[in-house]
Amino acid sequence: SQELEQSPQSLIVQEGKNLTINCTSSKTLYGLYWYKQKYGEGLIFLMMLQKGGEEKSHEKITAKLDEKKQQSSLHITASQPSHAGIYLCGADSGTYKYIFGTGTRLKVLA
Amino acid sequence: ETGVTQTPRHLVMGMTNKKSLKCEQHLGHNAMYWYKQSAKKPLELMFVYNFKEQTENNSVPSRFSPECPNSSHLFLHLHTLQPEDSALYLCASSRQGGGGNQPQHFGDGTRLSIL
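Protein chains in written order, with the numbering used here: chain A, 1 to 110; chain B, 1001 to 1115.
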């Protein structure tokens, strides 16, 4: 079965610093999603990547899917306290199935 | 603001109680999902409904019983739960099931505690 591994598991950065979160799949990705979750709340959809080499941006967050479609990275530029939360990658894993990584917990120090 | 609403937000129940979780989506989606989120574990898919028909039961114990009366509403009936069932239960919806590169939209979840 397909698995998604995220790294790092947790991250503490100073406000204004850049950071990168990685998501590696054990199988080829056909749809990769990034979500953000605040503690005890639901997931907020950030971006979806489908094609190898694809890159998308939303405000200061950029996500890429590598050419081989087995790894994605999420990059935050000039981090702010509002970026704090848990970032999860998710993927289609067959009909009616979605899988998720274990998440990266981000803390931004003001 | 989410288009998927879950109630209650918090629930504490004894192991012999019966309770239900409710989910409603206002997005016109046709697929709805129940997930379980436990500490330090990936989200676990429990059930999938596509056009009101259950299409996935991910080996979930029978003490969890889903119900989908229409494409906008999803319930999770709980009966004789165990302490290890304490978790955040998340409902999600998507335009249609079957993958197909469609993002899911999540509710804020119900935090369930079993005494």
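The beta-carbon is built from N, C-alpha and C at its ideal position, and this holds for glycine as well.
Contact set for residue i: own chain, Cβ-Cβ below 6 Å, skip 5 residues either direction
i, result
"Q1096 of chain B", "N1030, A1031"
"A131 of chain A", "Nothing can be reported for residue 131 of chain A: it is not among the residues displayed for chain A, which extend from 1 to 110."
"F1117 of chain B", "This structure does not reach residue 1117 of chain B, given that chain B is present from 1001 up to 1115, and the question cannot be answered."
"H1010 of chain B", "R1111"
"L1043 of chain B", "Y1035, Q1037"
"K56 of chain A", "M47, A63"
Nearest to residue i (by Cα), restricted to the options the options
i, options, result
"T77 of chain A", "A:Q6, A:L49, A:V13", "A:V13"
"Y98 of chain A", "A:M47, A:L32, A:I86, A:L106", "A:L32"
"Y87 of chain A", "A:E3, A:T20, A:E15", "A:T20"
"L1088 of chain B", "B:H1105, B:E1053, B:W1034", "B:W1034"
"S79 of chain A", "A:V108, A:T62, A:Q71, A:E3", "A:V108"
"Q71 of chain A", "A:C89, A:G85, A:K56, A:A84", "A:C89"
"G85 of chain A", "A:I44, A:P8, A:E54, A:L106", "A:L106"
"K51 of chain A", "A:H83, A:P8, A:K68, A:L74", "A:K68"
"K1041 of chain B", "B:D1108, B:E1084, B:S1072, B:P1061", "B:E1084"
"E1053 of chain B", "B:L1115, B:S1072, B:R1063", "B:S1072"
"W34 of chain A", "A:E41, A:D66, A:L49", "A:L49"
Anticipated Cβ contact below 8 Å, residue i with residue j, distance rounded
i, j, result
"Q1102 of chain B", "S1094 of chain B", "5 Å"
"L11 of chain A", "T104 of chain A", "6 Å"
"N22 of chain A", "Q6 of chain A", "7 Å"
"T62 of chain A", "H75 of chain A", "5 Å"
Where the beta strand (DSSP E) through residue i begins and ends
i, result
"Q1006 of chain B", "1004 to 1007"
"Q947 of chain B", "One cannot answer for residue 947 of chain B here, as it falls past the ends of chain B, which runs 1001 to 1115."
"S1020 of chain B", "1018 to 1025"
"H58 of chain A", "55 to 58"
"E1044 of chain B", "1044 to 1050"
Beta-carbon proximity list for residue i, same chain, < 7 Å, skipping 5 on both sides
i, result
"H58 of chain A", "L46, M47"
Own chain partners of residue i with C-beta closer than 8 Å, once the 5 adjacent residues on each side are dropped
i, result
"H1105 of chain B", "T1002, G1003, V1004, Q1025, L1027, H1029, A1092, S1093, S1094"
"G1109 of chain B", "Q1006, R1009, Q1037, L1088, Y1089, L1090, C1091"
"K36 of chain A", "L43, I44, L46, G85, I86, Y87, L88"
- Count the CB pairs spanning the stretch 88 to 95 of chain A and the stretch 24 to 44 of chain A that are closer than 8 Å, and state whether there are at least three. yes
- Determine contact between the stretch 1077 to 1092 of chain B and the stretch 1010 to 1022 of chain B, defined as no fewer than three beta-carbon pairs at a distance below 8 Å. These segments touch.
- Segment contact, 8 Å Cβ cut-off, at least three pairs: the stretch 1048 to 1058 of chain B with the stretch 1003 to 1012 of chain B: no
- Item | the stretch 1061 to 1080 of chain B / the stretch 1040 to 1050 of chain B touching (three or more Cβ pairs under 8 Å) | yes
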